[in-house]
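S.K.: Starting off with a structure, shown below.
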Amino acid sequence: MDSQRSSNTSPSAVPGNQPDQRPFLEFHAKKLLHTAQGKEWLDIRFSLEKGQTLAIYGPSGAGKTTLLRILAGLTEVSKGFIRLGDQTWLDTVGRKCQPTRHRAIGFVFQDFALFPNLTVRKQLEYALPRPTKAIPASTASTASTAFRATAEPPLIDELLSLMELEALQHHHPALLSGGQQQRVALARAIARRPSLLLLDEPLSALDDEMRNKLQEYIGKVQQRYHLTTILVSHHLPEILRLADTAITLKHGRIESQGPPATLFRANAPAPLTSTAQSPQISLCATITAIVPAGDHFIITVRYATSSFDISVTPQQAANMSIGQVVSVYIQHLEV
Amino acid sequence: MNDHLTIDWQPLWLSLKLASVTMLILLVIGIPLAWWLAYSRRRWKFAVEAVISLPMVLPPSVLGFYLLLAFSPGNDFGRFLDHYLDLRLVFTFPGLVLASLIYSLPFMVNPVLAGFRGLPADWKEASHTLGKSELVTLFRILLPNIRASLITGAVLSFAHTIGEFGVVMMIGGSIPGQTKVASVAIYDEVLSTNYPLANRYAIVLLVLSFLILLLVYGINHYYNKYKTLP
Chain A
1 MDSQRSSNTS PSAVPGNQPD QRPFLEFHAK KLLHTAQGKE WLDIRFSLEK
51 GQTLAIYGPS GAGKTTLLRI LAGLTEVSKG FIRLGDQTWL DTVGRKCQPT
101 RHRAIGFVFQ DFALFPNLTV RKQLEYALPR PTKAIPASTA STASTAFRAT
151 AEPPLIDELL SLMELEALQH HHPALLSGGQ QQRVALARAI ARRPSLLLLD
201 EPLSALDDEM RNKLQEYIGK VQQRYHLTTI LVSHHLPEIL RLADTAITLK
251 HGRIESQGPP ATLFRANAPA PLTSTAQSPQ ISLCATITAI VPAGDHFIIT
301 VRYATSSFDI SVTPQQAANM SIGQVVSVYI QHLEV
Chain B
1001 MNDHLTIDWQ PLWLSLKLAS VTMLILLVIG IPLAWWLAYS RRRWKFAVEA
1051 VISLPMVLPP SVLGFYLLLA FSPGNDFGRF LDHYLDLRLV FTFPGLVLAS
1101 LIYSLPFMVN PVLAGFRGLP ADWKEASHTL GKSELVTLFR ILLPNIRASL
1151 ITGAVLSFAH TIGEFGVVMM IGGSIPGQTK VASVAIYDEV LSTNYPLANR
1201 YAIVLLVLSF LILLLVYGIN HYYNKYKTLP
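Below is the structure:
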C-alpha cells in the first residue's frame, strides 16, 4: 500500500513489487536549504541494499549533514519518502512521519553528543531499548539477527570489549580523550540496536593515527553486526576503506555515484598521455610518508595491503600531504 | 519591661513557610514552562516570556492591586471563587501563595530557561535517536545537566518570596498567623515607632538573604570551576 501511494515520490517502488525485491532503504527528500550562497534546493534520491555502507562526499554546505538529519527525523522536509525494510519512516504524500525515537537508527554526531552526567557504561545502558516498548515489533523484525540473539548485559560487555573501553567504563566523558569519546559514541549508537547506522564525519576531529585506529573499530563493528551504514565524510581514504558505494553531493544534488574506487578515480585529473599505444593502469593510493632524499623526495603510498615508494620532485612533494589520496598511473613501456 | 523588644517568631516562620510552599510549587510549574519556552517552535512564545517576566519590572503594588481587584468577592471572579469553590483569596494564606507564585515565577523560570538554552542542542537529539521520549530525555539527560540552574531558580524564588512586601500588603494585609509575614512585621513595628524590634526582624532577614545569596553564588562557583565540561 505504501509503495502504491508513494509511487510518484519513491525512486524504485513500483506498484505490485514484492517487498523482498525492493532495496532495503529507499530515500527521497526535497528541502529548501539556506546556505551562505543563498537559497538552494536539496533534492536527493537514492537506495541502499542491506548490510552495505554508503559514503556521502561533498564540499561543506552541499547538504551532507542535512541528509543524515532528514533520515533521523531531526530535520523536516517539504517533500519526501523514506522506507527502511518494511517500515515507512516518512511519506509526505501519505502524511506519515515517524518521530525520531521510533526510527531504529544509531546516530554518531560529529561532536559525539555524549551526556556528561552518565558514565561510559551508563551511556550504553541508557541506549538499550526497553524490552517492552522502546522498539516496536515491526522494527525488531528489521533489526539485525546478531542483536536479537544477544541478551542485554552481554551486548554492553561485548561492545565495551570490542571498543576496548572496559577500563574506562566507570569514567565520565569529560575525562576521556577525543578518540575514546568517539568510541563511546559509536558503542552507544550500536547499543541502541539500530537497523541503520548514521555516521556524521565521526573522525574529522582526530589526527591521522587515531583516525586509522578508529576506522578499524568501525570496520569491526560493521562486520560483527552486519549494519547498513551511511557515512558522511570528506576524507577519501576513509571512504575507500569503509564504503561499498559512494555518492558525491554538490549544491544539494547528487553529482555522481558508484563504487568509491571507480568514482574517485574518475574524478581524478585525466592522465596526460593515454593512447592506445601506451595503455595505462591507474589506481587510487594513499600517501603514508613523505621523506626528503637529497634533491628529491620519496613518497610511500599504500594501495590495498601493499605499499610502494615513488620518487617525486620537491615541487610535487610540496603539494602532497600524508593521508592524501593520489592517482598513481602505471604505464606499460615497450622495451 | 522588655516586652516590646521580644521578637515574635511567627512572622518569620510564616515567611519561611510561604517561601517554601511557593518554591516547591514553582519547581513543578516552572520546569515544564521553561522547557516549553526553550524548545517550542511557536512563534508567539516570546510574548509568553514577556508576560512571565512582567513581575520583575512591575511595581509590586501594581501587581498586588490588580490581584486584590480580581480576588475581591465584590468582583465576578472573586465571587465565582467564593461561591463555587469556597475559596477566599483576599487576606488569606492561600491568596498569598497564589500571589507569590505569580510574583516569583520569573525567578524560577528564567534561570532554568537559561540552563536549557545553554545545553548543546544535539544532546536532546541524541537522546531521541536512542529511542527515548521527551519525558525520559528531560529527567535523565536535561535536568541532571542543569542542576546549577535548578538550584539557582529554587533559591532565588525562595529568597524573592521572603523579600516580598508590596504584594503582601495589598492582598494579604497584616493578619497575625495568616498573612503577617516578616517584611510586614517590620513595617508594623516602624509604624508604631518600635525601631529596636523592627531592627531585630530586619537583621534576621538581612542575614538570611545574605546566606541564601552566598549559597547561590557558591554553588555556581563550584559548578563553573569543577564541573566544566569539554
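Going down the list, the protein sequences come from chains A and B. Quick note: my numbering has the first sequence finishing at residue 335, numbered continuously throughout. Quick note: my numbering has the second sequence finishing at residue 1230, numbered continuously throughout. Backbone N, C-alpha and C fix where the C-beta goes; we use that ideal spot for every residue, glycine too. None of these values were measured; they are calculated from a predicted model.
Give me the Cβ distance between I56(A) and L67(A), rounded to the nearest whole Å; I'm assuming they're in contact under 8 Å.
M.R.: Contact between I56(A) and L67(A) holds: their C-beta atoms lie close to 6 Å from each other, under 8 Å.
S.K.: Starting from A246(A), follow the alpha helix (DSSP H) in both directions and report where the run begins and ends.
M.R.: Careful: A246(A) lies outside any alpha helix (DSSP H), inside the beta strand (DSSP E) at T245 to K250.
S.K.: Look at the alpha carbon of A365(A) and the alpha carbon of P116(A), and state the distance between them as a whole number of angstroms.
M.R.: The question about residue 365(A) has no answer, for chain A in this structure spans 1 to 335.
S.K.: Using the Cβ count rule (16 or more neighbours within 10 Å means buried), how would you classify Q182(A)?
M.R.: buried
S.K.: Which residues does DSSP list as the beta-bridge partners of R45(A)?
M.R.: H28(A)
S.K.: When the distance is taken between beta carbons, is V232(A) closer than 8 Å to L165(A)?
M.R.: No. Outside cutoff.
S.K.: Which complete beta strand (DSSP E) runs does the region 157 to 228 of chain A hold, if anything under 3 residues is left out?
M.R.: 196 to 200
S.K.: So what's D91(A) in DSSP terms, helix, strand or just coil?
M.R.: strand
S.K.: Three or more C-beta pairs closer than 8 Å, one from the region 1097 to 1106 of chain B and one from the region 1013 to 1024 of chain B: is that the case here?
M.R.: By the Cβ test, the region 1097 to 1106 of chain B is in contact with the region 1013 to 1024 of chain B, since at least three Cβ pairs between them sit closer than 8 Å.
S.K.: Kindly list, in the order they appear in chain B, the residues whose Cβ is closer than 9 Å to that of D111(A).
M.R.: P1120 and D1122
S.K.: Can you tell me the Cβ-Cβ gap for I1146(B) and G1177(B), rounded? I've got them flagged as a contact below 8 Å.
M.R.: Going by Cβ atoms, the distance from I1146(B) to G1177(B) rounds to 38 Å, so no, they are not a contact pair.
S.K.: Take T337(A) as the anchor and find which of S306(A), G294(A), A62(A) and A289(A) has the nearest alpha-carbon.
M.R.: The question about residue 337(A) has no answer here: the residues shown for chain A are numbered 1 through 335.
S.K.: Does the Cβ of E1164(B) have 16 or more other Cβ atoms within 10 Å, making it buried, or fewer, making it exposed?
M.R.: buried
S.K.: So with CB distances below 7 Å, who are the chain B contacts of I382(A)?
M.R.: Since the first and last residues shown for chain A are 1 and 335, residue 382(A) lies out of range.
S.K.: For L84(A), write down the residues that DSSP places opposite it in a beta bridge.
M.R.: Residue pairing from DSSP places L84(A) in a beta bridge opposite L25(A) and Q87(A).
S.K.: Hey, is Y1133(B)'s beta-carbon within less than 8 Å of any beta-carbon in chain A?
M.R.: First, the amino acid is wrong: residue 1133(B) is Ser here, not Tyr. Interface with chain A (8 Å Cβ-Cβ cutoff): S1133(B) is included.
S.K.: Going by other Cβ atoms of all chains shown within 10 Å of its Cβ, with 16 needed for buried, is I130(A) buried or exposed?
M.R.: It should be noted that the sequence gives Arg, not Ile, for residue 130(A). Label assigned to R130(A): exposed.
S.K.: Return the residues of the region 291 to 303 of chain A that lie within a Cβ-Cβ distance of less than 8 Å from chain B, sorted by chain order.
M.R.: Against chain B - using a Cβ distance shorter than 8 Å - the region 291 to 303 of chain A contributes no residues.
S.K.: Would you say N1145(B) lies against chain A (beta-carbon separation less than 8 Å)?
M.R.: yes
S.K.: Is H234(A) helix, strand or coil by DSSP?
M.R.: coil
S.K.: Which two residues bound the contiguous beta strand (DSSP E) that contains G258(A)?
M.R.: R253 to G258
S.K.: Between the beta-carbon of S1015(B) and the beta-carbon of M1170(B), is there less than 8 Å?
M.R.: Remark: C-beta atoms of S1015(B) and M1170(B) do not approach each other more closely than 8 Å.
S.K.: Can you list, in chain order, the residues of its chain whose CB lies under 8 Å from that of Y303(A), leaving out five sequence neighbours each side?
M.R.: Within the same chain, Y303(A) has close Cβ partners L283, C284, A285, T286 and V328.
S.K.: So, A191(A) versus L124(A), is the Cβ gap smaller than 8 Å?
M.R.: Cβ distance < 8 Å, so A191(A) and L124(A) count as in contact.
S.K.: To the nearest angstrom, how far is the alpha carbon of A189(A) from that of L1081(B)?
M.R.: 54 Å
S.K.: Let me see if you follow: with CB-CB separation under 8 Å, is F115(A) close to chain B or not?
M.R.: yes
S.K.: I'd like the list of long-range same chain contacts for S1149(B), defined as Cβ closer than 7 Å, with 5 residues on each side in sequence excluded.
M.R.: Only P1111, V1112, A1114 and G1115 meet the Cβ criterion.
S.K.: Quick one: what does DSSP say V1181(B) is sitting in, helix, strand or coil?
M.R.: Coil, per DSSP.
S.K.: Leaving out the 5 sequence neighbours to the left and right, which residues in its chain are closer than 7 Å to T75(A) when beta-carbon positions are compared?
M.R.: T66 and R69
S.K.: Expressed to the nearest angstrom, what Euclidean distance is found between the alpha-carbon atoms of A270(A) and V326(A)?
M.R.: Its pLDDT being 45, under 50, A270(A) is placed unreliably in this model, and the value from its coordinates should be taken loosely. Going by the C-alpha atoms only, they are around 12 Å apart.
S.K.: I'd like to know if I1141(B) contacts chain A, where contact means its C-beta is closer than 8 Å to some C-beta of that chain.
M.R.: yes
S.K.: Going along the chain, which residues of its own chain have a beta-carbon closer than 6 Å to the beta-carbon of Y1223(B), five neighbours each way excluded?
M.R.: For Y1223(B), where only same-chain residues beyond five positions count, the Cβ hits under 6 Å are A1148.
S.K.: Taking just the CA atoms, how far does S78(A) sit from R1042(B)?
M.R.: 19 Å
S.K.: Can you name, in chain order, every residue of its own chain whose Cβ lies under 7 Å from the Cβ of G1173(B), other than the five neighbours on each side?
M.R.: F1091 and T1179
S.K.: Would D225(A) pass as an interface residue toward chain B - the criterion being a Cβ-Cβ separation below 8 Å?
M.R.: Going by the sequence as given, residue 225(A) is Tyr instead of Asp. With 8 Å as the cut-off, Y225(A) does not count as an interface residue toward chain B.
S.K.: Express the C-alpha separation of H1083(B) and T126(A) in angstroms, rounding to a whole number.
M.R.: The residue asked about is misnamed: residue 126(A) is Tyr in this sequence, not Thr. When rounded, the distance between both Cα atoms is 51 Å.
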